[in-house]
Amino acid sequence: MDKSYFDNAPCRVGSDAVKYYRGKDVLPMWIADMDFPTAPSVEEAIKQRAAFPIFGYVNDNDAWKEAVVSFFSRNHGLSLKKENLLFSTGVLASLTATLLSLTSIEEEVIVCSPIYNCFFSCIEHTGRKVLDVPLLEEENDYRFDFVALEKAFKRSRLFILCNPHNPVGKVWEKEELAKLVALAKENGVVIFSDEIHGELTAPSHPYHSLFEVKGAKEVALLADSPTKAFNIAGIQTSFLYSENQLIREAVERQLGYDDCAEPNSFSLVAMEAAYKEGDEYLDALREYIASNRIAAIKEINSIPGLQVVGMDATYLLWVDCSSVEKDSRKLSCYLLEKAGLFVSDGAQYRGEGHIRINVACPRVTMEEGLKRLRKGIESYK
Ligand SMILES: Cc1ncc(COP(=O)(O)O)c(C=O)c1O
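Okay, so the sequence shown: first residue is 35 according to our numbering, each after it adds one.
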């Protein structure tokens, strides 16, 4: 597969894409959704399923589980056991089921901001409280505040890990993950490890699953999905993995109560095809995104007042705009209204003074977006 597959992506204007809801005059670089077609294997599997015109209730199967096990063994050297895998309609559905089954109302749940905004809403919508232990920002990098985390782990029963970390794009090192596992074990805390961006790292810098750490299997739940890497978020499909039977069964029951444990007619075939036959696509995609990232970082850093916080994962760039405008909501609204560019306001992730820019689009689209960014920032000043 060569880069023309991504360069020649079909235009989504006027389609059902939420990313394009502002219409043709706004260039969308906000939501974590790529403008690329999915892998040919996924497209083919969906077409084949669609050709059989009965879409009744779907039975769970082993084929997707075997595909997941094989993928993680091939690509990450992990030996997962298929009997410990659970289907869920989405990572957030899994998180909600975890919150409801493993914590109580009013209990504090740990996150490290800036972090994916929906974690806050899942915690709050289930009546739990956010215990935020902000990441430390240092020399254009982020790291965990282990001193503060040590205290927080004594007060809570659940830690939400974003690995790699959205929005800062950080690939956590194995030593950092091992420290989290040690803290979890010491304090009886469960780690919900959201690894949905795991396949979207620079080719030279693969991420480490939390399950690579010895002891993680006793305290952790892995929540993952092919929806980000294969651009199939419109097909609700994901999985949960835990080797701790008590944790797994509690969450499984809750997924059932919440009606999030039932696949639709495309969920399992798409997941199976992605993990079974998607490696070539992923390799090419990662190259393409890495090349976009390098070009975008160079361009953005040449715009006076902007600085990309340089990370290696996800297709989302985390940009410090505080020397242009500390109120990133105001700046992102201005870019949307006056420059025709839709970026994400960092404040929603508790990352005030930053904007998040999605570069998972054909290079020409990205270049046009960055032109609008430059013009918008210049006129804002
Ligand atoms: C870190 C993270 N987790 C979860 C999700 C959403 O996952 P799902 O659509 O499977 O609920 C996103 C989407 O952007 C995300 O960035």
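Cβ atoms here follow ideal geometry from the backbone N, Cα and C, with glycine treated the same way.
Inside the region 99 to 175, DSSP marks whole beta strand (DSSP E) runs of 3 or more residues at positions 119 to 122, 142 to 145, 163 to 166 and 170 to 172, from first to last along the chain. In the three-state DSSP reduction, V353 falls in the strand class (E or B). T261 sits in coil when the DSSP states are folded into three classes, being neither helix nor strand.
Closest by C-alpha distance to N221, out of T399, K213 and D228, is K213. In the three-state reduction of the DSSP assignment, Y55 falls in the coil class. For N42, there is no enclosing alpha helix (DSSP H), as DSSP marks it with neither H nor E. Here F245 carries a helix assignment [DSSP, helix/strand/coil]. Between the alpha carbons of V102 and H231 lies a gap of roughly 15 Å.
Restricting attention to alpha helix (DSSP H) runs no shorter than 4 residues, the region 293 to 324 encloses them at 301 to 311, ordered along the chain.
The DSSP-derived three-state label of P74 is helix. For C196, the enclosing beta strand (DSSP E) covers residues L192 to C196. Here the alpha carbon of L407 sits roughly 33 Å from the alpha carbon of G124. The three-state reading of DSSP puts V224 in strand, counting E and B together.
Residue state for S238 is assigned as coil, using DSSP reduced to three classes. Not one heavy atom of ligand 1 is found less than 6 Å from the C-beta of D258.
In terms of side-chain proximity, the C-beta atom of I266 is found no nearer than 6 Å to any non-hydrogen atom of ligand 1. Per the coordinates, the alpha-carbon of K58 lies some 25 Å from the alpha-carbon of H388.
CA-to-CA, the gap between A250 and E229 works out to about 14 Å. Per DSSP, reduced to three states, the secondary structure at F376 is strand. Counted as a single uninterrupted DSSP element, the stretch harbouring S272 is not any alpha helix (DSSP H) but the beta strand (DSSP E) occupying residues S272 to Y275.
One alpha carbon belongs to D258, the other to F273, and they sit about 6 Å apart.
In the DSSP assignment, the residues bridged to V342 are V353. One alpha carbon belongs to P240, the other to I139, and they sit about 37 Å apart. Shown here, R83 sits in a helix according to DSSP, grouped into three states. Counting C-beta pairs with one atom in each stretch, the region 364 to 371 and the region 281 to 292 have fewer than three that are closer than 8 Å, which means they do not touch. Between A236 and D346, the C-beta gap is smaller than 7 Å, which places the two residues in contact. In the DSSP secondary-structure assignment, N392 is bridged to L350. If you check the C-beta of Y150 against ligand 1, you find a heavy atom less than 6 Å away. Only buried fits K204, as 16 or more other CB atoms lie within 10 angstroms of its CB. Of all C-beta pairs linking the region 155 to 165 to the region 129 to 143, three or more are shorter than 8 Å, placing the two stretches in contact. With respect to A131, P396 sits apart: the two C-beta atoms are not nearer than 7 Å. Counting along the chain, the unbroken alpha helix (DSSP H) around M400 starts and ends at R397 to Y414. Distances from the CA of K185 to each of V223, E252, A394 and E172 were compared; the closest alpha carbon is that of V223.
Ligand 1 has a heavy atom closer than 6 Å to the beta-carbon of N200.
At a cut-off of 6 Å, the beta-carbon of G380 does not count as near ligand 1: no heavy atom of the ligand is closer than that.
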